[in-house]
Structures are given as C-alpha cells and as structure tokens.
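So the mapping is simple: this note's numbering equals the position in the sequence shown, first residue as 1, plus 73.
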Amino acid sequence: MNRLYVYLLTVAIGVMSGCAIDPKFLAHKPLVGSDRPVHIDDVRMMRQMERTPVLDPALIGYMQHIRQRLETAWDESCDCVVLVDSFGGYEAYSLPDKTIVLSAGLLAQASSEDEIAAVMAHELAHIYHGDNASGSFQQVTTDAVKLGGWVAGGGAYAFFLSDTVDDLAQGQIYRKWNQEQEITADDFSAKLLVKAGYSIDGLKMAIRRLGQYSKGELVAQDKRCISSKNQQVSINIQSCSKSLTESDKTIYQSPELRLQSVMMYTAGLTPDLRRRHLGDPPPKFPSVEYLFGLNDLVSSTHDELRAGIARVEERQIPDTLYGNVAVTNKLASAYFMVGDKERGSSYLRKSFNSSGRTAWTFINLFMDVDRSGDRNKVAKALSDAQLEVGYTTKLLPFEYYLSKRHGLEIYEVEAFARCMSNAVDDPATYQRCAAVDHGGVVW
74 MNRLYVYLLT
84 VAIGVMSGCA
94 IDPKFLAHKP
104 LVGSDRPVHI
114 DDVRMMRQME
124 RTPVLDPALI
134 GYMQHIRQRL
144 ETAWDESCDC
154 VVLVDSFGGY
164 EAYSLPDKTI
174 VLSAGLLAQA
184 SSEDEIAAVM
194 AHELAHIYHG
204 DNASGSFQQV
214 TTDAVKLGGW
224 VAGGGAYAFF
234 LSDTVDDLAQ
244 GQIYRKWNQE
254 QEITADDFSA
264 KLLVKAGYSI
274 DGLKMAIRRL
284 GQYSKGELVA
294 QDKRCISSKN
304 QQVSINIQSC
314 SKSLTESDKT
324 IYQSPELRLQ
334 SVMMYTAGLT
344 PDLRRRHLGD
354 PPPKFPSVEY
364 LFGLNDLVSS
374 THDELRAGIA
384 RVEERQIPDT
394 LYGNVAVTNK
404 LASAYFMVGD
414 KERGSSYLRK
424 SFNSSGRTAW
434 TFINLFMDVD
444 RSGDRNKVAK
454 ALSDAQLEVG
464 YTTKLLPFEY
474 YLSKRHGLEI
484 YEVEAFARCM
494 SNAVDDPATY
504 QRCAAVDHGG
514 VVW
C-alpha cells in the first residue's frame, strides 16, 4: 500500500469525513402506510445482515397500529418505526436509529396480536431505555460473505479463497443484549401489555417460542458446512441447510430465567388482569406467508432441496414482494446448491436488477462487472453498493480490489483510507486489503 502518497490518504480521510454530511448517507426515507420515515442507515444495516424490509403497506399499517396502541398506553412517543424483515425464523431486534424489526417468521407463527405486541413492547424497552445508543451493543461476529455466494465462472465454486471459508461457515450474529437488559425489557413489556389491554400470556408465549427456536438453532451451528482445498470449495449440504434462511445467526437468553421474572410480575396482578384472555389471531398477509414458506428451502439432502424448490415455485410471489432480493437471493442460492446453474443465474440476474440489494448481491455483482471489464459498470456498482448497503467491511476488500484494478482513483483512495482505518480494530479485513496491493484477488 505504500505506493500511494501520503496526501492521497489525507484526501481520502476528508472524503470519508464528508460522508457524515452527505444527504444520501444520512437520510430518512418515507414508508407507504407508515406515519414515520425510516432511517436509511438502519435499512442498510439490515441489508448487511442479508435481510430486507417487507414493503407491504397493509403490513406496515398493522404494525403501526400495534405500536401506536403501546405508545398511547405508555403515554410517551418512542419516535421510532417498526418494520418486518424477510427472515423466516422467529426473531426481533432493534437498530441504532430507532428502528424495531420483527421477522416475517415471527408474524407467521404468532398465535395472537398479544404475542406480537409483547415482542414489540420488549423492543420498545430497548428504545425507551436507550439500550440501542452507540456503544451499548455487543458485537459478536460478522461474516465476510454469505453462504451461497458461489456463482458463474467455469470452475463452479473455484473462485473462493480459502481464507474466506471459515468466515463463510460462521454466519452472522447481528448483535445481542446482555442478560440484565433482556430481563429488564421483559419486565417493561409485561407492564406495558397490561396498560395497553393485552394479555400477559402473549409475552409468555413469545418467550417460550423464542426458547424453542433458539435451542434448535444453537445445535444447528456447524462450521463443517464448507471446506476448501486448493481453492476448491466443497459443500456439505446437510450442514449448510440452515443458512438459506439465516436461521443459525442468533443467540438468545435463557427462556427459563426470563419466564421466572414474568411469572413473578404476573403473580402480583389482580385476578382479572392475570386471567385476561389472548385476542384473535393476527391477520394473514400474503407477503409474510410467502416468506415463511421459503423455509421449504431448508433441507438436508439435494433431493429434499429440489422438492422444496418445487413447492416454492408453485406459489405465486405476492405483488408486495416483487423486486425484493430476499426472495431472488434465496432461490438463486438454492438452485446453485442443487447444481442448476442456469436457473440460479437467472434469479441472480433478477437480484442484480432490483433495488435495495444486499451485501451478498453486491459481492456477486462485483464479480459480474469485473468479468465484463467495463469501467463504467464497475464504477456504478461501487456507487450503488455505498448507497444501498453503506460502508461495511464485508464489501471493503472487494471495493478496494475493483477500484484498483479498473483505475477508479477516487474510489481507490477512499477504499484505501477505510482499509487503513481497520489496521488495528479489524486486522483480518486490513490483511485482505493488503493482499490486493501484492497482486492478490479477493474472489
């Protein structure tokens, strides 16, 4: 890297600093059906985790209705927005700029609105208590690239470098709270549910379901999913099966301990509040049902996966999911896993032509434009990635490699500065950048 002059580094740092005031990097975006906009940085964080918001106006309006009922009961606005993401498992989380996210899988499995409200109230606790302020998250791990990132190229999976394989198999645990924060959030949720007229049984059901989900998923974490020898990648489909729905990503707190705290609070309620019945099941949303149905792609053999693909293909994609790369990414990955390169590439091309693309999509797009040799296409892909996914170490070595190879000096200088900034905090990313300077490639 020492071939670059010091003044270029100074310019690059200035460019990076300018991003703090660049409106495309700090902006709220309106949501159809919502009374509040969502901060684009939170959406970018979701895309870095290979998740996408479900832009279904009816669904957004329903979540807003529950949020407003909870806010009214607490008599304080959270100044937040609630989204549903594309994940098919049972999860919820909150992001730094006051975005609460519940998974499509949670809504599909919830037995009542009380259960959804309980999870939302738990996340509201993190917002009201400031748990999601900068510095209070615990970063557990992030992966370099997502499972299924094999596409095109005559050598099937040959383009993977061996040093990415371990990162690939690890998966991504987005962030988690500590035990004390979780218990406090449960207590808050219980009190808020009662105030809002919901049944406390909704929280008990949510905690039990999270416990069942987490026990199964923690067992599923297996780093033998992918192995590499002589830059040839071997895939153990049984170990990899969970990764199509990213279901091996989250570590939960003890459900027994959490339930104990809720039961203690419940014991102090009056009989009428303690015995309040659960309400009706939540409405069915085609977008949620379709995304939950993508769990059919979780299989332990090639034959099972082919059968799962067939079942998914029989269902019509709802209008509210057209262009959502969570769908086309998963189908592309599934087809590549069963060796159908033609159909996999077709779905991948749909992902390329969509908006709101994820880090995985851009890694594959980077390979595509690199092969084309078209400097303008490379520049556009780099610009689009920064706009849609934001700055992330997942993409940084690829960005540095492409900008350097195709003579895009502004992007190269910027990427160089970001690489240097990771020298201490993230030496693995720094080393991958340094390898580019010594003639290495990142694929």
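All C-beta atoms in this analysis are idealised placements derived from N, C-alpha and C, irrespective of residue type, glycine included. Model, not experiment: these values are computed from the prediction.
What are the partner residues of residue i, as DSSP defines its beta bridges?
i: tyrosine 166; result: Val174
i: proline 344; result: DSSP, once it has assigned bridges, lists no residue as partnering proline 344.
i: lysine 102; result: Val111
i: valine 157; result: Leu175
i: proline 126; result: Asp158
State buried or exposed for residue i, treating a residue as buried only when at least 16 other CB atoms are found within 10 Å of its CB.
i: valine 267; result: buried
i: alanine 340; result: exposed
i: valine 497; result: exposed
i: glutamine 121; result: buried
i: valine 514; result: exposed
i: lysine 105; result: According to the sequence provided, residue 105 is valine. The question's lysine does not apply to it. With fewer than 16 Cβ atoms within 10 Å of its Cβ, valine 105 is classed as exposed.
i: serine 272; result: buried
i: arginine 430; result: buried
i: aspartate 369; result: buried
i: glutamate 188; result: buried
i: serine 428; result: exposed
i: threonine 434; result: buried
i: arginine 505; result: buried
i: glutamine 141; result: exposed
i: glycine 417; result: buried
i: proline 500; result: exposed
i: histidine 511; result: exposed
i: asparagine 403; result: Checking the displayed sequence, the identity of residue 403 turns out to be lysine instead of asparagine. Buried, since its Cβ has 16 or more Cβ neighbours within 10 Å.
i: lysine 453; result: exposed
i: asparagine 397; result: buried
i: aspartate 330; result: Looking at the sequence itself, residue 330 is leucine, so the reference to aspartate does not match. Classification of leucine 330: exposed, given that the 10 Å Cβ count is below 16.
i: glycine 161; result: buried
i: arginine 348; result: exposed
i: tyrosine 503; result: buried
Consider the C-beta atom of residue i and the heavy atoms of the ligand ZN; say whether any pair is separated by less than 8 Å.
i: glutamine 137; result: In the structure on display, the ligand ZN does not appear, and there are no ligands present to speak of.
Considering only residues of the same chain and omitting the five flanking positions on each side of residue i, which have a CB-CB separation below 7 Å?
i: leucine 475; result: Phe439, Asp443, Val451, Leu455
i: aspartate 108; result: Gln137
i: glycine 366; result: Val385, Arg388
i: serine 494; result: none
i: lysine 277; result: Leu332, Val335
i: isoleucine 483; result: none
i: alanine 407; result: Leu317, Leu370, Leu378, Ile382
i: proline 356; result: Tyr135
i: lysine 423; result: Thr401
My guess is that residue i and residue j are in contact by the Cβ rule of under 8 Å, so how many angstroms apart are they, rounded?
i: glutamine 254; j: aspartate 204; result: 5 Å
i: tyrosine 166; j: aspartate 260; result: So it is not a contact: roughly 19 Å between Cβ atoms.
i: alanine 152; j: lysine 171; result: First, the amino acid is wrong: residue 152 is aspartate here, not alanine. That belief holds up - the Cβ atoms of aspartate 152 and lysine 171 are roughly 6 Å apart, short of 8 Å.
i: valine 155; j: methionine 119; result: 13 Å between Cβ atoms; not a contact.
i: leucine 265; j: alanine 146; result: 6 Å
i: alanine 405; j: tyrosine 420; result: 4 Å
i: glycine 275; j: alanine 198; result: About 15 Å separates the two Cβ atoms, so there is no contact after all.
i: leucine 517; j: serine 185; result: One cannot answer for residue 517 here, as it falls past the ends of the chain, which runs 74 to 516.
i: threonine 393; j: aspartate 129; result: 4 Å
i: proline 391; j: proline 359; result: 4 Å
i: phenylalanine 425; j: aspartate 413; result: With a Cβ gap of about 18 Å, phenylalanine 425 and aspartate 413 do not count as contacting.
i: arginine 124; j: alanine 490; result: No, arginine 124 and alanine 490 are not in contact; Cβ-Cβ is about 29 Å, not under 8 Å.
In its own chain, which residues sit with a C-beta less than 6 Å from the C-beta of residue i, not counting the 5 before and 5 after it?
i: valine 361; result: Ala177, Leu180, Ala181
i: arginine 448; result: His479
i: glutamate 196; result: Ala165, Ser167, Ile173
i: arginine 117; result: Val462, Gly463
i: serine 150; result: Glu144
i: glycine 284; result: Pro328
Excluding sequence positions up to five away, which residues of its chain have a Cβ less than 8 Å from the Cβ of residue i?
i: valine 509; result: Pro470, Tyr473, Tyr474, Lys477, Val515
i: arginine 281; result: Pro328, Leu332
i: tyrosine 163; result: Ser176, Gly178, Leu179, Gln182, Arg282, Leu283, Tyr286
i: tyrosine 201; result: Trp147, Glu149, Cys151, Phe261
i: threonine 257; result: Ala198, His202
How about residue i: is its C-beta nearer than 9 Å to some C-beta of chain B?
i: histidine 375; result: Although the question refers to chain B, the structure presented lacks it and comprises just one protein chain.
Legend entry - Secondary structure, alpha helix (DSSP H): runs of 4+ residues fully inside the segment 353-423: 359-366, 375-387, 398-410
Inset, instruction - Identify every run of the alpha helix (DSSP H) within the segment 443-478, keeping only runs that are complete inside it and at least 4 residues long; order them along the chain. - result: 448-461, 469-478
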